[in-house]
Amino acid sequence: MKVSLIICAAGKGERAKLNKNKLLVPFNGKTVLERTVSAFMNTKLIDQYVVTSSKEDLKEIKSLLSPFNVTVVLGGETRTDSVKNALKKVTGDIVLIHDGARPFVTKKIIKDCITSAEKYGSGIVAVPSSDTVCLSDGKEITSYLGKSGIYDVQTPQGFKTEEIIKAYKNAKGKTFNDDGEVYKNTFNKLNVVLGDKNNIKLTYPEDFSVLEKDVLRKFGTGFDCHKLVKDRKLILGGIEIPHTKGLLGHSDADVLIHALMDAMLSACALRDIGYYFPDTDYKYKDISSVKLLKEVIKLLKEKGYRVESVSAVIMAEKPKLLNHIPKIKQNICKLLKLSEDDVGISATTLEGLGFVGREEGISVQSTAVLIKE
Ligand code: CTP
Ligand code: MG
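Start counting the sequence shown at 2; every next residue gets the next number (our numbering).
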């Protein structure tokens, strides 16, 4: 039994107010249409994909879906017209018809829909309505439909292909709410498949906030230490701290920025600072680590990441850093374009223990959280 899928994407998305077809606007790097296509492809339950597109979006949809094995066809004025056109391309015994604007469809729904269409001729995904439903003109309620036996209809809607084609032929001239109603008009029966409350159709601007929450975060840790010597400046987080000694290094030895850079690089699985800025390269001799940090931000950007928050603990016996922390923190916020709430800098002594305790060096341990754009 071969299963085809029609994804309706030929609308204008006017109610979403995104200034273009709502299916073609990326959220966290991915459009709704790509999400919907991927949701079906991941199930491996579909043999043929047909996607409807308006004339104006045709080029964009074809290019967006070029990594997928799909056929893009022209839709029509109404969704019904779009489906009618797409049906001409369908080669499967069963066809599922789905709104491109429902990316949260699950494998269970798809499977149940196919099974119902095979067994009964149709499978219409629907969920019991949770609200009391009434009829109203927006001013007055004319009647109550109640709570029990009321369902919200979703998609996919599955059918035996030859039956839905016949139903569409019979439907000429009449208007229907959806494909299910077209089918019922001819076959007088329609089977329900239990859907999922989360399988919403993204319609109004507020519906899209669900996609904004769906972000990919990556965490990384970093560590660095430098030796304290006479006649060097002590730079921490790009700020010069008055002290009798400073940190030794090929660059300005800003141990805090070094540890932060390594945490950021590690979070997105890039190499460490020694790899990108080798101390054998004269170019980096005495360079300000702030410059290196800017390079690291560029590397993250190329990989599609930005920093969401960082945290670091500076281990130093002397000088006392308590009063310098606010300035250091402010500078890190400025460099990473983060708010004060997203940068945590603390300092501690090591109670006289080890190389830090003997004032031979300063070390920093850090973490970074990145967001995939
Ligand atoms: N659709 C279609 N052909 C049309 C109209 C709509 O293929 N002529 C598709 C839409 O792209 C959408 C689905 O049908 O994925 C459900 O329609 P709807 O949510 O109403 O989307 P739009 O028509 O794009 O939005 P709006 O009504 O707000 O303009
Ligand atoms: Mg519409």
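Cβ atoms here follow ideal geometry from the backbone N, Cα and C, with glycine treated the same way. Because the structure is a prediction, the values reported are computed rather than measured.
Note down, in chain order, each residue of its chain lying with its Cβ closer than 6 Å to the Cβ of Ser367, except the 5 sequence neighbours on either side.
Gly223, Ala260, Leu261, Ala264, Ala313
Exposed or buried, Phe220, counting other C-beta atoms within 10 Å across all chains shown (16 or more means buried)?
exposed
What are the boundary residues of the beta strand (DSSP E) that Tyr50 is part of?
49-54
Going by DSSP in three states, Leu136 sits in which element: helix, strand or coil?
strand
Where in the region 64-101 do unbroken runs of the beta strand (DSSP E), each at least 3 residues long, occur, reported from the N-terminal end onward?
72-75, 95-100
CB of Gly12 to nearest heavy atom of the ligand MG: below 7 Å?
yes
Under 7 Å from any heavy atom of the ligand CTP, does the C-beta of Ala17 make it?
yes
Just curious, the beta strand (DSSP E) that Tyr152 is in, first and last residue?
152-161
Any heavy atom of the ligand CTP closer than 7 Å to the Cβ of Ala172?
no
What residue does the alpha helix (DSSP H) around Ile111 start on, and which one ends it?
108-121
In its own chain, which residues sit with a C-beta less than 8 Å from the C-beta of Leu65, not counting the 5 before and 5 after it?
Leu25, Thr32, Leu34, Glu35
Whole-angstrom distance between Arg307 and Leu339, CA atom to CA atom
10 Å
Should the region 50-67 be regarded as contacting the region 113-120, the criterion being three or more beta carbon pairs within less than 8 Å?
no
Which listed residue (Ala317, Thr107, Lys60, Val52) has its alpha carbon closest to that of Leu248:
Ala317
According to DSSP, simplified to helix, strand and coil, what is Phe28?
strand
Going by Cα to Cα distance, which pick from Gly101, Val183, Gly30, Asn29 is closest to Tyr50?
Gly101
Going residue by residue through the region 163-249, where are the continuous alpha helix (DSSP H) segments of at least 4 residues, counting only ones entirely within it?
180-188, 210-214
For the alpha helix (DSSP H) that Glu303 lies in, which residues bound it at each end?
290-303
So what does Ser373 bridge to, in DSSP terms?
One point to set straight first is that residue 373 is Lys, not Ser, in the sequence displayed. The partner list for Lys373 (beta bridge, DSSP) reads Tyr306.
Measure the Cβ-Cβ separation of Ser130 and Ile151 and say whether it is below 8 Å.
yes
Would you identify the three-state DSSP class for Cys269, choosing helix, strand or coil?
coil
Given the structure, does Cys114 come close to the ligand CTP, in the sense that its CB is under 7 Å from one of the ligand's heavy atoms?
no
Find out if the Cβ-Cβ distance for the pair Val230, Lys246 is shorter than 8 Å.
yes
What's the C-alpha gap between Val370 and Lys175?
56 Å
Consider the C-beta atom of Lys202 and the heavy atoms of the ligand CTP; say whether any pair is separated by less than 7 Å.
yes
Using 8 Å for Cβ pairs, my map puts Val73 next to Val91. What's the rounded Cβ distance?
That belief does not hold up - the Cβ atoms of Val73 and Val91 are roughly 14 Å apart, past 8 Å.
Measure from the alpha carbon of Leu336 to the alpha carbon of each residue in Gly76, Val297, Leu323, then state which is nearest.
Val297
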